[in-house]
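Below is one structure, written out as structure tokens, with a few remarks after it.
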Amino acid sequence: MYHFVHCLQRYKKQILCHLMRLVPLRNFWLRTEEKLQRVSYVQGLNWVALLWRCIVMKADQAFELNTDKSPVAAYLDIDYIVKLCVIHGGNGFLSENAQFAQKLEEAGVVFVGPTVDNLNTFGDKTSAKNLAIATQVPVVIGSDDAFATPAEAEAWINDPANPITYPVIVKAAMGGRGRGIRIVPTANDLDETFRLASLLNAFGDGRCFVEKYVEKPRHIEVQCLGDGTGNVIHLYDRDCSVQRRHQKIIETRQNIFNDAVRLLKANNYRCVTGPIILVITISPLYTYLSFSNAGTVEFLVDKDGNHFFVEVNPRVQVEHTITEEITGIDIVQSQIMIASRKTLDGIGLTQDSIKEPTSYPMQCRVTTENPSLDFRPDTGTINVFRMPCGFGIRLDDGPGFQGAKITPHYDSLLVKITAKARNRKDAARKLKDGEFRVRGVQTNKSFLLNVLQHHEFLEGEVTTGFIADNPALMAPLNESDRAQKLLHYIGESTCNQIVDGTPKSLGAAGDPPSSVDPIVPELHNEHRDVKQSLKKIFDQQGPEAFAKAVRENEGLLVTDDIPFQMLLRGANAVGYTSYPDNVVFEFCKLAKEAGMDVFRVFDSLNYIENMRLGIDAVGEAGGIVEAAVCYTGDVTDPKKGLYDLEYYLNFTRKLEACGIHVLAIKDMAGLLKPNAARMLIGSIRDEFPNLPIHVHTHDTAGTGVASMLAAAEAGADAVDAATDALSGTTAQPSLGALVASTKGTKLDTGLDLKQISTLNEYWEECRGLYAPFESGQKSGSADVYIHEMPGGQYTNLLYQSSQLGLTGQWSQVKAAYAAANRLLSDIIKVTPSSKVTGDLDQKAEELSFPNSVIEISPRLSSSSCLSLLFLASHPQLCMIPGYLGIPPFGFPEPLRSRVLKGRTIEGSGGLTPHCSLPLKCFQGRPGAQMDPYDFGASRTKLEEK
Numbered sequence: 001m002y003h004f005v006h007c008l009q010r011y012k013k014q015i016l017c018h019l020m021r022l023v024p025l026r027n028f029w030l031r032t033e034e035k036l037q038r039v040s041y042v043q044g045l046n047w048v049a050l051l052w053r054c055i056v057m058k059a060d061q062a063f064e065l066n067t068d069k070s071p072v073a074a075y076l077d078i079d080y081i082v083k084l085c086v087i088h089g090g091n092g093f094l095s096e097n098a099q100f101a102q103k104l105e106e107a108g109v110v111f112v113g114p115t116v117d118n119l120n121t122f123g124d125k126t127s128a129k130n131l132a133i134a135t136q137v138p139v140v141i142g143s144d145d146a147f148a149t150p151a152e153a154e155a156w157i158n159d160p161a162n163p164i165t166y167p168v169i170v171k172a173a174m175g176g177r178g179r180g181i182r183i184v185p186t187a188n189d190l191d192e193t194f195r196l197a198s199l200l201n202a203f204g205d206g207r208c209f210v211e212k213y214v215e216k217p218r219h220i221e222v223q224c225l226g227d228g229t230g231n232v233i234h235l236y237d238r239d240c241s242v243q244r245r246h247q248k249i250i251e252t253r254q255n256i257f258n259d260a261v262r263l264l265k266a267n268n269y270r271c272v273t274g275p276i277i278l279v280i281t282i283s284p285l286y287t288y289l290s291f292s293n294a295g296t297v298e299f300l301v302d303k304d305g306n307h308f309f310v311e312v313n314p315r316v317q318v319e320h321t322i323t324e325e326i327t328g329i330d331i332v333q334s335q336i337m338i339a340s341r342k343t344l345d346g347i348g349l350t351q352d353s354i355k356e357p358t359s360y361p362m363q364c365r366v367t368t369e370n371p372s373l374d375f376r377p378d379t380g381t382i383n384v385f386r387m388p389c390g391f392g393i394r395l396d397d398g399p400g401f402q403g404a405k406i407t408p409h410y411d412s413l414l415v416k417i418t419a420k421a422r423n424r425k426d427a428a429r430k431l432k433d434g435e436f437r438v439r440g441v442q443t444n445k446s447f448l449l450n451v452l453q454h455h456e457f458l459e460g461e462v463t464t465g466f467i468a469d470n471p472a473l474m475a476p477l478n479e480s481d482r483a484q485k486l487l488h489y490i491g492e493s494t495c496n497q498i499v500d501g502t503p504k505s506l507g508a509a510g511d512p513p514s515s516v517d518p519i520v521p522e523l524h525n526e527h528r529d530v531k532q533s534l535k536k537i538f539d540q541q542g543p544e545a546f547a548k549a550v551r552e553n554e555g556l557l558v559t560d561d562i563p564f565q566m567l568l569r570g571a572n573a574v575g576y577t578s579y580p581d582n583v584v585f586e587f588c589k590l591a592k593e594a595g596m597d598v599f600r601v602f603d604s605l606n607y608i609e610n611m612r613l614g615i616d617a618v619g620e621a622g623g624i625v626e627a628a629v630c631y632t633g634d635v636t637d638p639k640k641g642l643y644d645l646e647y648y649l650n651f652t653r654k655l656e657a658c659g660i661h662v663l664a665i666k667d668m669a670g671l672l673k674p675n676a677a678r679m680l681i682g683s684i685r686d687e688f689p690n691l692p693i694h695v696h697t698h699d700t701a702g703t704g705v706a707s708m709l710a711a712a713e714a715g716a717d718a719v720d721a722a723t724d725a726l727s728g729t730t731a732q733p734s735l736g737a738l739v740a741s742t743k744g745t746k747l748d749t750g751l752d753l754k755q756i757s758t759l760n761e762y763w764e765e766c767r768g769l770y771a772p773f774e775s776g777q778k779s780g781s782a783d784v785y786i787h788e789m790p791g792g793q794y795t796n797l798l799y800q801s802s803q804l805g806l807t808g809q810w811s812q813v814k815a816a817y818a819a820a821n822r823l824l825s826d827i828i829k830v831t832p833s834s835k836v837t838g839d840l841d842q843k844a845e846e847l848s849f850p851n852s853v854i855e856i857s858p859r860l861s862s863s864s865c866l867s868l869l870f871l872a873s874h875p876q877l878c879m880i881p882g883y884l885g886i887p888p889f890g891f892p893e894p895l896r897s898r899v900l901k902g903r904t905i906e907g908s909g910g911l912t913p914h915c916s917l918p919l920k921c922f923q924g925r926p927g928a929q930m931d932p933y934d935f936g937a938s939r940t941k942l943e944e945k
């Protein structure tokens, strides 16, 4: 919103500006010319950004608004603002609020804007439409009254007495040219669209009108001034047809209307048809009401030249600067003069005195929005701000300057750039060639440049559907921002750090990068057998055919021979907590539509209910369901724990019954020893001969290659591997070693070791470039069989330990992790359950676990349990309360009960209590106990922000 307010007290020449964005700066300049005292007020979050712009530059005083209210509500607090004696309507917030104007009048303050009667008439679309009909101005077919609910609107549309059909438009009764107007293509879209158009939260009135949708019209508006004596003049017209969601982006003036007016004036001719009537028919509207101050009459002009009244905006609009450039008349200054009881004749403004346009102005609104992301508003700090300049360039700027913080609370307009030239193409060229640069936040610059270069726009052949018809306009610019990145790097680094290499604060704890420039090798595949790819089989025949092809494949498959794949945390989707079921289904649907093929569905606790939800979601989306069994323990050691061979077989049976296409063994810690691989994979293959098996492991202990070969010999169809230069330690086993070991056997991968080696040389050189970011791990570590830390977490904790100065205590860190694992009853450790264990590890020193806790004694003391309240005080870990699901064998008691006793998890109201605990927590799958996520309501809230 670019709201500004001026106040002219009857006996004190003082003007106070509502400090929002652009226009207050102009008003301060005008106050200087008129010799008036300049005062401003500003909401707290705007204080830093705009205080410098206004108070330091021009304002004499400033007052802060009510800090007890939200950023938007503070600007809508009528009583508080009236006490400050502040007033000019501007555009946005209280600019069209009749109650606001009434209270000012009662307080003896002159409102620099329309009268209360003007606002009551034109602020209400019904009364404005009735006035247009009374003055014989053509209108679009629509409802006379606004509707409070979609059902009321639907009943009116379906009434045979109303000659209207879809598509229609719903328009918020309280205005809102952007989100307040929505197209409704069919009856099925009415309910959601009505809610989106409603401005209940912004204005306290959610009613909407319904009108017939005029397809691809031109949007023409005429600027007017009235002095309240019945004298109204027009300041010609503006073409605002380039719109996004009915929010004007680029404004121009159209010569065809000016030519028509000049022709009619020369012949003293009156006509009742065609768009030339636009500048003739608006005067009765304003004269009829004794309109006072500035206002705009808006029209739609269809392809046949018929024009229809849209609305009257009884205020100055954002694009008023176009009219100022056309006519040379300062509209804001004229408002102040009219507010001080001067007439149009008295200030020398008569229709005959307004010169006909001889130039072609064009304006662009630069906003902090990202066009490639559906114009999503961006926030952040501006670190570069450079504006264009030169002959014929006008800038109306607001919160934009180096160091300014852009918040999400207000309109995204940053600056208005107006170029004036002799014709349309020259004006567009000036805007395109002007050097404008903003860094730190996203802007719509790329979109504006694309529009300014589009041939339809340059030829003037545009309608309000221009943007929707040309999605290529959203294509982003490829700006490298090299200079700013370099300056930022230098600023963040000391001279010694630049000499020594990348700063350690950026994660560069290793050796300096290699000076070798890697050369991309040339690979030749002329001797390789050509067969139909698995990707093509899936696309053409579906997931069942894909699974069959995997089983029938001769030899061992590796991960480069499969379609696109992703990890899906079952009911946790791609997050670290549970979501309502419809969220998971919608995510899978969109992922599949975006090109994802294989969904490796897993649950960090092997909780079958979470798995089933993910499997169903992928299946409904049409993807390949690869269900994962997360592996821990040692199936060859009967003393190891509860995760024995029968546990894994039973879990596989449950997964197979869900209708999966592929089974994955997900060994994140690298605990699957060769003998364990033979036993586990062999047993699964015997029981499920037609089920494809895919094995994933980490080579932390150095046994990865042997384990994958054993798995393949036992019946695995595919294994994961990494190119040699990036393999080993906490990564995957060596690809080259697997290829060489299976060559000439029934497991032959069909890959050429020479070509793999050539490619590996490239990656080996590339790794040298990232030497500063190496974790510091030099070799494998067989003690993973003791602490059972997943590979990725092992690397992260190793780096974090070195950053905390604990390099010499790495063994103690691993021991603490093992203790945390035993504390949680040896749970399966896969993200996010592994994160819980790691967080406990990092808190070990703080918590000072006694032996009874570490050993999971069946008789835990109260003091032991109190030291574990860390778990309950961190609900984001999602473990003990059941947010992630339930481990196969539960959490150890009485640890769980004592940790949760008497504590309430925020947001868990209404959920099933577990046992006799006073805490309300999840007893089963969390998502099943959550209400469906309201996407429509969330979208509305985001758009309102």
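The working numbering numbers the first residue of the sequence shown as 1 and each following residue consecutively.
Glycine included, each C-beta is placed from N, C-alpha and C at the ideal position.
When you compare each of the options to residue i by their alpha carbons, which one comes out closest?
i      : options                           : result
Phe602 : Gly348, Leu613, Ala594 and Ile169 : Leu613
Thr321 : Ser340, Gly390, His307 and Asp396 : Asp396
Ala573 : Glu554, Gly555 and Val618         : Val618
Pro388 : Phe436, Gln351 and Pro371         : Phe436
Asp539 : Gly575, Pro314, Ala815 and Gly595 : Gly595
Gly768 : Ser802, Asn650, Lys814 and Ile519 : Ile519
Asn313 : Glu221, Thr368 and Lys355         : Glu221
Asn370 : Asn444, Tyr360 and Leu680         : Asn444
Ile183 : Pro167, Ala173, Gln363 and Val583 : Pro167
His409 : Gly460, Thr379, Leu448 and Ser533 : Thr379
Straight-line CA distance for residue i to residue j?
i      : j      : result
Arg925 : Lys654 : 16 Å
Phe122 : Leu567 : 56 Å
Gly821 : His787 : A small fix is needed here, since residue 821 is Asn in this sequence, not Gly. Approximately 8 Å, taken between the alpha carbons.
Asp934 : Val550 : 40 Å
Ser198 : Val109 : 32 Å
Tyr576 : Asp189 : 34 Å
Leu413 : Lys420 : 21 Å
Lys535 : Phe651 : 29 Å
Quick one: residues in its chain with C-beta nearer than 8 Å to the C-beta of residue i, no 5 flanking neighbours on either side, listed in chain order?
i      : result
Ala731 : His698, Asp699, Ala722 and Gly791
Mind checking whether residue i and residue j have CB atoms under 9 Å apart?
i      : j      : result
Ala628 : Ala664 : yes
Gly704 : Pro733 : yes
Ile467 : Leu458 : no
Tyr648 : Val662 : no
Val830 : Ser604 : yes
Ile624 : Phe546 : yes
Leu119 : Ala101 : yes
Leu797 : Gly776 : no
Val384 : Arg439 : yes
Excluding the five sequence neighbours on either side, which residues of its own chain have a C-beta within less than 6 Å of the C-beta of residue i, listed in chain order?
i      : result
Asp144 : Thr126
Cys915 : Legend: pLDDT at Cys915 = 35, less than 50; position of this residue unreliable, value from coordinates given subsequently. Around Cys915: no qualifying Cβ.
Asn450 : Leu473
Ala718 : Leu557 and His694
Excluding the five sequence neighbours on either side, which residues of its own chain have a C-beta within less than 7 Å of the C-beta of residue i, listed in chain order?
i      : result
Thr463 : Lys216, Pro217, Arg218 and Ser241
Phe194 : Pro150, Ala153, Val170 and Cys208
Asp330 : Glu324
Glu764 : Ala725
Val116 : Ala98, Ala101, Gln102 and Glu105
Pull the bridge partners of residue i from the DSSP assignment, please.
i      : result
Gly142 : Glu211
Leu663 : Ala627 and Ile693
His307 : Val301
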